[in-house]
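The sequence shown maps to residues 475 to 559 in the working numbering.
Virtual Cβ for every residue (Gly too), placed ideally from N, Cα, C.
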Amino acid sequence: MFIFTLHSCIIQIRKGVIIIGFIPVESSNVSAIRYIDGCIDVRFHSGRVYRYPNCSESLFDEFLYSESKGRFVHTYLKGRGEYEI
Numbered sequence: 475m476f477i478f479t480l481h482s483c484i485i486q487i488r489k490g491v492i493i494i495g496f497i498p499v500e501s502s503n504v505s506a507i508r509y510i511d512g513c514i515d516v517r518f519h520s521g522r523v524y525r526y527p528n529c530s531e532s533l534f535d536e537f538l539y540s541e542s543k544g545r546f547v548h549t550y551l552k553g554r555g556e557y558e559i
């Protein structure tokens, strides 16, 4: 997967590994997300960032295109041994 956005400083090349930033998302709870080395990082509007380990790229893709980011976190990410970064 390739994502390039110069103004938001987002560059992702998944298998080739260059990842520079969060992808902004529209949500009342989540402000931005990213995928790095099997982990999904979630930035909340509060400013806190949590890392959810043991996640596949396909799970990240589902998250990226999900209708409700907050519901996705609660249903699919919570309980994976997340920690604040």
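- Secondary structure of E558 (DSSP, three-state): strand.
- The beta carbon of G555 sits closer than 6 angstroms to the beta carbons of P527 from its chain, once the five residues preceding and following it are set aside; these are given in chain order.
- In the displayed model, S532 falls within a helix according to three-state DSSP.
- The beta carbon of I514 sits closer than 8 angstroms to those of I507, R508, R525, Y526, C529, L533, F534, F537 and L551, all from its chain and outside the five residues before and after it, given in chain order.
- In this model, R545 and S502 are separated by some 11 angstroms (Cα to Cα).
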